[in-house]
Each structure stands twice: as C-alpha cells, then as structure tokens.
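Chemist: Sharing a structure below in structure tokens format, with a few things to ask.
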Amino acid sequence: MRFIDNTKKPVLKCARNGLVLKRYSSAKEVKADGFCSSSVSQACRGVIRHHKNLIWKYAETPEYKRCTKCNNVLTSKNMIAAKRNKNGCANICKVCKQLYYENNKEKVLSKCKEYRDSNKNKIKQNYKKWYKQTKNDERYTKRLVRQNEYRKLDKYKSVKAANETKRRANKLNATPAWADFKKIEILYKKAKWLEELTGLKYHVDHIVPLKGKNVCGLHVWNNLQILEASINCSKGNR
C-alpha cells in the first residue's frame, strides 16, 4: 500500500470567518511562524477543530490529465467535460477538440444531423425528462417570465419584424453593405405606432419587390413604404 505524506500537501491558514490569511507549501513551513506542524496536520485532517484560534485546511490541488491528441499534461478545467467518467473529464483537451471541429466541420455537422434524424423519439423523451426536472425550478420560471414580458414590448415586435425582413433579404442577397439599418428600424417602429393609433394592421412593403419579374429591388430604407395590410396583400408581388 502506498503511503501518502500529508506534510507535503499545501496548507491554508484561515481566520474563524473562513478568510484565507496565508498559504504554505507544506505543514512543515508553519514552524517558521511559531505553529506546531503536527497540530496543523491534525486540524487539516479534522482531528481537532482549530489550532491557536485559527482554522487550517489542505489547499485543493488541481487534477491533471494528459491529452491523447497533443500529449500535453493539463488541468481538468482545460479538458472536455464527460459526466460518464469518474473524474468528469475526457481524454481530449478543449483546444484539440476545437481544431478537430474546424478541420472537419462538414463531417461533424452531418453526423449530428444523422443522429437527430435517427433518434427523434429519444431526443423528445430526453427533452420531456429535462422539462419535468426544470419546470418547477425558480430560476427557469423567472427566465420565462422575463422573456414573455420582453416579447410583449412594442420595441421587441418592431425589431423582430425588421430582423425577419432583413433575414429574408439576406437570403436573396438584396441587402447591400451600405444599407442604413437604423432608418429601416425607424420605419418598422412607425408602422407599429400607426397600428396603435388607428387600430388597423400596417405592413412595411418594398416599393420595388425583392424578387420581381423583371427587376429585383434592394432592402434599403428608400425602397420601403408603409401600407395597410389589406392593400399590401391585394397588390401581391408588384
């Protein structure tokens, strides 16, 4: 059986309120400050509560592990988390994992998609299990309340409408680099203000359609106009 020498472990000298006062590389070093090394060791092991009205405890030494890819010895914080392992980390470091993902991005994404397609029921069951565990959690419910309150704001609705049109325009490559997004957002806010004022539904429409028959317009502020929803839907893509 291997003997572990506790006198070589780093020791912390703490006040009664838990504040760390000094760190020693071993229990033998406390002799220089007039403390008994054996009593300090006993306090660290929990045999006695304190020594000279001070709390003593062993400092937590980080666990080290060797990465199988780069062969470097690193702390557990720099390794990939793995709950199935006893120490809670895998044999690959975070840097090597990131490099592998960058070099094999398409392969990783295709494997993830295959897994999702072939394990839809399993993913649904895991999500239901997670929801049952977290639905009564106070932090989760508070976050949902904050999200719902923010979604009711007019600021969120106008920004959401502007972002959706921006996303659709980006798909069609209709948003130039010089587009003024602040002016575009103002138009959507104005449409929302008109809805509250009149009680009618208003849309922000492109004067020249993004996908016209002969000419395709751009998603810029001077190609936008505010129309009633009924008029915009009746005119179609023209």
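Everything in the sequence shown is counted per this note's numbering, starting at 19 for the first residue and increasing by one. Here a beta-carbon is modelled for each residue, glycine too, at the ideal position from N, C-alpha and C. Keep in mind that this is a model prediction, so the values were computed, not measured.
Can you say whether Arg-20 is buried or exposed, counting buried as having 16 or more other CB atoms within 10 angstroms of its CB?
Modeler: In the sequence shown, the residue the question calls residue 20 occupies position 2. Annotation note: pLDDT 37 at Arg-20 (below 50); position unreliable, no value reported.
Chemist: When you compare only the Cα positions, how much space is there between Leu-39 and Asn-105?
Modeler: In the sequence shown, residue 39 corresponds to position 21, counting from 1. In the sequence shown, residue 105 corresponds to position 87, counting from 1. Their Cα atoms are separated by approximately 30 Å.
Chemist: Short check: CB of Cys-62 to CB of Lys-70, under 7 Å?
Modeler: Here residue 62 is taken as the residue at index 44 of the sequence shown, counted from 1. Here residue 70 is taken as the residue at index 52 of the sequence shown, counted from 1. Cβ distance not < 7 Å, so Cys-62 and Lys-70 don't count as in contact.
Chemist: On a CA-only basis, which of Ser-56, Gly-235, Val-58 and Arg-134 is nearest Ala-192? Give me that one, please.
Modeler: The residue you call residue 192 lines up with position 174 of the sequence shown. The shortest Cα separation from Ala-192 among Ser-56, Gly-235, Val-58 and Arg-134 belongs to Gly-235.
Chemist: With DSSP run on the structure shown, which of helix, strand or coil describes Thr-159?
Modeler: Residue numbering aside, residue 159 sits at position 141 when the sequence shown is read from its first letter. Note: Thr-159 maps to helix in three-state DSSP.
Chemist: Which residues bound the beta strand (DSSP E) around His-40?
Modeler: In the sequence shown, residue 40 corresponds to position 22, counting from 1. It is worth fixing the name first, because residue 40 is Lys in this sequence and not His. Lys-40 -> beta strand (DSSP E) spans 38 to 42.
Chemist: Have a look at Leu-212 and Asp-155 and give me their C-alpha separation to the nearest angstrom.
Modeler: Stepping through the sequence shown from its first residue, residue 212 is reached at position 194. Stepping through the sequence shown from its first residue, residue 155 is reached at position 137. If you take the alpha carbons of Leu-212 and Asp-155, they lie about 40 Å apart.
Chemist: Between Ser-57 and Ala-45, is the Cβ-Cβ spacing less than 7 Å?
Modeler: One-based indexing of the sequence shown puts residue 57 at position 39. One-based indexing of the sequence shown puts residue 45 at position 27. Contact flag unset, no.
Chemist: Taking just the CA atoms, how far does Arg-169 sit from Gly-217?
Modeler: Within the sequence shown, numbered from 1, the residue matching residue 217 stands at position 199. Within the sequence shown, numbered from 1, the residue matching residue 169 stands at position 151. Going by the C-alpha atoms only, they are around 20 Å apart.
Chemist: What are the boundary residues of the alpha helix (DSSP H) that includes Glu-203?
Modeler: Position 185 of the sequence shown, counting from 1, holds the residue named residue 203. Its alpha helix (DSSP H) spans residues 199 to 216.
Chemist: Assuming contact is defined by CB atoms lying nearer than 7 Å, are Asn-96 and Cys-111 in contact in what I supplied?
Modeler: Stepping through the sequence shown from its first residue, residue 96 is reached at position 78. Stepping through the sequence shown from its first residue, residue 111 is reached at position 93. Contact flag set, yes.
Chemist: Going by DSSP, name the residue or residues bridged to Val-48.
Modeler: Counting from one through the sequence shown, the residue named residue 48 turns up at place 30. Val-48 is not bridged to any residue.
Chemist: Are any of the Cβ atoms in chain C nearer than 7 Å to that of Ala-77?
Modeler: The structure shown has no chain C; it contains just one protein chain.
Chemist: Report all residues from its chain with a CB closer than 6 Å to the CB of Val-48; omit the five preceding and five following residues, and keep chain order.
Modeler: For this step, residue 48 is matched to residue 30 along the sequence shown. Closer than 6 Å at Cβ, skipping near neighbours: Tyr-42, Ser-55 and Val-58.
Chemist: Starting from Asn-109 and walking both ways along the beta strand (DSSP E), at which residues does that stretch end?
Modeler: As a first step, residue 109 must be located in the sequence shown, where it is residue number 91. First-last of the beta strand (DSSP E) with Asn-109: 107 to 111.
Chemist: Since Lys-83 and Ser-94 should fall inside the 8 Å C-beta cutoff, what is the C-beta to C-beta distance between them, to a whole number of angstroms?
Modeler: Along the sequence shown, one-based indexing puts residue 83 at 65. Along the sequence shown, one-based indexing puts residue 94 at 76. So it is a contact: roughly 6 Å between Cβ atoms.
Chemist: Hey, how far is the Cα of Lys-210 from the Cα of Lys-173?
Modeler: As a first step, residue 210 is located in the sequence shown; it is residue number 192 there, counting from the start. As a first step, residue 173 is located in the sequence shown; it is residue number 155 there, counting from the start. Straight-line Cα distance between these residues: approximately 9 Å.
Chemist: To the nearest whole angstrom, what separates the beta carbons of Val-222 and Thr-159, a pair I think is in contact under 8 Å?
Modeler: Mapped onto the sequence shown, residue 222 falls at position 204. Mapped onto the sequence shown, residue 159 falls at position 141. The pair is not a contact, with the Cβ atoms about 35 Å apart (cut-off 8 Å).
Chemist: Over what stretch of residues does the beta strand (DSSP E) that includes Ala-99 continue unbroken?
Modeler: As a position in the sequence shown, residue 99 is number 81, starting the count at 1. Here the beta strand (DSSP E) through Ala-99 covers 97 to 99.
Chemist: Within the same chain, show all residues whose beta-carbon is closer than 6 Å to that of Ala-247, passing over the 5 residues directly before and after it, in chain order.
Modeler: Within the sequence shown, the letter at position 229 stands for residue 247. Excluding sequence neighbours, Ala-247 sits near Lys-219 and His-221.
Chemist: Considering only C-alpha positions, which residue in the set Gln-116, Lys-31, Lys-200 and Leu-245 is nearest to Asn-181?
Modeler: Stepping through the sequence shown from its first residue, residue 181 is reached at position 163. If we check each option's Cα against that of Asn-181, Lys-200 comes out closest.
Chemist: Cβ of Asn-250 within 7 Å of Cβ of His-224?
Modeler: In the sequence shown, the residue the question calls residue 250 occupies position 232. In the sequence shown, the residue the question calls residue 224 occupies position 206. Against a cut-off of 7 Å, the Cβ pair of His-224 and Asn-250 comes out as no contact.
Chemist: Where do the ends of the alpha helix (DSSP H) carrying Lys-140 lie?
Modeler: Counting from one through the sequence shown, the residue named residue 140 turns up at place 122. 138 to 152 is the span of the alpha helix (DSSP H), which, as asked, contains Lys-140.
Chemist: Quick check: the Cα distance between Ile-66 and Val-91, rounded to an integer number of angstroms?
Modeler: If you number the sequence shown from 1, residue 66 lands on position 48. If you number the sequence shown from 1, residue 91 lands on position 73. Cα to Cα, Ile-66 sits roughly 36 Å from Val-91.
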